[in-house]
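A.B. asks: Those letters in the sequence shown? Residues 4 to 370, per this note's numbering, in order. C-beta atoms are modelled at their ideal positions from N, C-alpha and C, and glycine is treated no differently.
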Amino acid sequence: MNHSRKQQKYSLSFFMGILVAYLLLSQLAFAQLVSEKPSPFIEKEIVNWDYHSKQVNDDFTIYIHFPPGYDTSKISYPVLYMTDGDWNMTVAMNCFNMLLQDYTTIEPLIVGIGYGNRPNKRSRDLNPSTGGPAFLKFITDEVMPFVKSTYRITDNKALYGYSLGGMFTTYVLFTYPELFNMIFIGAPGNNGNELLAPAQKYFASHTDLKSKVFVGVGSYEHETTANIEKFKAYLLKQNCKQLELETAITPNAGHGAALAQVMQNAIAFAYCTKHKPIVVPAKTLQKYAGTYILESEPNEKYTVFVQNEKLYFKSGQSPTQLVPYTKDGFFMYENQKGTFTFKEEAGKMSVVYEETNQKPTSLKKIN
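#1: Assess contact between the stretch 45-65 and the stretch 115-122, defined as three or more Cβ pairs (one per stretch) separated by less than 8 Å. Is contact present?
#2: Less than 9 Å between the beta carbons of Ile186 and Ser214, yes or no?
#3: Taking only beta-carbon positions, decide if Lys290 is within less than 9 Å of chain D.
#4: Do the stretch 217-226 and the stretch 265-277 touch if we need at least three Cβ pairs shorter than 8 Å?
#5: Can you find the residues in the same chain that come closer than 6 Å, C-beta to C-beta, to Phe308, ignoring five residues on each side of it along the sequence?
#6: Who are His55's beta bridge partners in DSSP?
#7: Please look up how many angstroms separate the CB atoms of Ala190 and Glu224, rounded, as I've assumed it's under 8 Å.
#8: Tell me the rounded alpha-carbon separation between Thr1 and Thr250.
#9: DSSP three-state call for Glu48: helix, strand or coil?
#10: In terms of alpha-carbon separation, which member of Gln320, Pro280, Lys240 and Ser365 lies closest to Tyr336?
#11: Check whether the stretch 142-156 and the stretch 191-204 are in contact - that is, three or more C-beta pairs closer than 8 Å.
#12: Sort Val37, Asn97, Glu197 and Met92 by Cα distance to Ile49 and report the nearest one.
#13: In angstroms with no decimal places, state the Cα-to-Cα distance between Phe69 and Thr86.
#14: Is Lys233 buried or exposed, if buried means 16 or more other CB atoms sit within 10 Å of its CB?
#15: Based on Cα-Cα distance, which residue from Tyr54, Asn184, Leu83 and Gln267 lies nearest to Met101?
#16: Opposite Met185 in the DSSP bridges: which residues?
#17: Leaving out five residues before and five after Gly117 in sequence, what residues of the same chain have Cβ atoms less than 6 Å from its Cβ?
#18: When we look at the beta-carbon of Lys160 and count the other beta-carbons within 10 Å, is it buried (16 or more) or exposed?
#19: Using a threshold of 9 Å, state whether the C-beta atoms of Tyr378 and Val146 are closer than that.
#20: At which residues does the beta strand (DSSP E) containing Lys351 begin and terminate?
#21: Could you compute how far the alpha carbon of Ser365 sits from the alpha carbon of Ser321?
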């Protein structure tokens, strides 16, 4: 066991100092870990480890992003593994920060695998026909055990890849479908021509696929877009009971410009609470219509009305549509963190507005 003793001349927060002490003790079993302690990345929420892989016989950089509250909680977190960690880590961090404004979001521990300041060898490692199998063994046999022994994580695992990384995640999905709970395929390389064949090979001997799968691309990648549509249609024809599939085409974007939006769509699909709208008859909606006041501020008045068989809530100049997801439960597309629940007791109607981490607000109908 040969750890290098190079001292990283960076300062970390008090939490990171405590965390490092724990990590040093836990790493004794990992002979291939080159770093003795993590060094801070460009962003303070990210640290990185240097790691020599036996499976690939090469050096890599493993980036770790901590979810908010990791330093003060004792809970375990799901893990999102990402290829191309050298640039995907900060994009992912910003995606989560933006989505948190509009959705109730579960934030995972993010693990990015990259090359640091070494030559980038993604064309070797992410291509299933070249180094892809060895790179996957590196992830499963080395990175995953390292992460599990070092950080508080659950068994919920996801894998994200873009471009060549999308080819790699497609390969993983249909070759080892049990490895990850969720697979994200972003703008798959070779114009998406590698999507259908592995799916057909898989379903030649399987009748179901237990996974949550997202596929996305920019609209200017016309051939890839067409192949994604064929891929989606084929998967839907398999009538899988355990497969949850979503595709999203980012408008007016090519391969580079679509990267951040594709990733954000994947993250929203997997980690954000999204209500599924249902149809509620206009007659049912009509009983919710009327004028409401805050029980704590009776001078504040709000209007609920039905228009074109849709329910609206008005507190200012512009009304907001309330979209039903249960018979008496509604959400807003503008902010899915908030929900409206109508209740009728003793012939009197009221509505409760609830938003994540905020005290519920109750309004009562006065006419």
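C.D. replies: Let's see:
#1: Yes, the stretch 45-65 is in contact with the stretch 115-122.
#2: Sequence index remark: in the sequence shown, residue 186 carries index 183 (1-based). Sequence index remark: in the sequence shown, residue 214 carries index 211 (1-based). Contact: yes.
#3: Absent from the structure is chain D; it holds one protein chain and no more.
#4: The stretch 217-226 is in contact with the stretch 265-277.
#5: As a position in the sequence shown, residue 308 is number 305, starting the count at 1. For Phe308, where only same-chain residues beyond five positions count, the Cβ hits under 6 Å are Ala292 and Tyr315.
#6: Position 52 of the sequence shown, counting from 1, holds the residue named residue 55. Note: His55 sits in a beta bridge opposite Asp62.
#7: Here residue 190 corresponds to residue number 187 of the sequence shown, with the count starting at 1. Here residue 224 corresponds to residue number 221 of the sequence shown, with the count starting at 1. Yes, Ala190 and Glu224 are in contact; Cβ-Cβ is about 6 Å, under 8 Å.
#8: In the structure as shown, the chain begins at 4 and stops at 370. Residue 1 is therefore absent and cannot be evaluated.
#9: Taking the first residue of the sequence shown as 1, we reach residue 48 at position 45. Look at Glu48 here: in three-state DSSP terms it is coil, with no helix or strand label.
#10: Taking the sequence shown and counting its residues from 1, the one referred to as residue 336 is at position 333. Nearest option by C-alpha distance: Pro280.
#11: No, they do not touch.
#12: Start at 1 with the first residue of the sequence shown, and residue 49 comes out as number 46. Check the Cα spacing between Ile49 and each of Val37, Asn97, Glu197 and Met92: the tightest is with Met92.
#13: Stepping through the sequence shown from its first residue, residue 69 is reached at position 66. Stepping through the sequence shown from its first residue, residue 86 is reached at position 83. Going from the Cα of Phe69 to the Cα of Thr86 covers about 17 Å.
#14: Here residue 233 refers to the residue found at position 230 of the sequence shown. That one is exposed.
#15: Working through the sequence shown from its first residue, we reach residue 101 at position 98. When the alpha-carbon of Met101 is set against those of Tyr54, Asn184, Leu83 and Gln267, the nearest one is in Gln267.
#16: For the purposes of this step, residue 185 is taken as the residue at position 182 of the sequence shown. Answer is Ala161 and Lys215, bridged to Met185.
#17: Start at 1 with the first residue of the sequence shown, and residue 117 comes out as number 114. Result list for Gly117: Thr64, Gly88 and Asp89, in chain order.
#18: In the sequence shown, the residue the question calls residue 160 occupies position 157. Taking all protein chains shown into account, Lys160 has 16 or more neighbouring C-beta atoms within 10 Å of its C-beta and is therefore buried.
#19: Since the first residue shown for the chain is 4 and the last is 370, residue 378 is missing from the structure and cannot be characterised.
#20: Within the sequence shown, numbered from 1, the residue matching residue 351 stands at position 348. The continuous beta strand (DSSP E) containing Lys351 extends over residues Lys351 to Glu358.
#21: Counting from 1 along the sequence shown, the entry for residue 365 is found at position 362. Counting from 1 along the sequence shown, the entry for residue 321 is found at position 318. When rounded, the separation of the alpha-carbon atoms in Ser365 and Ser321 is 21 Å.
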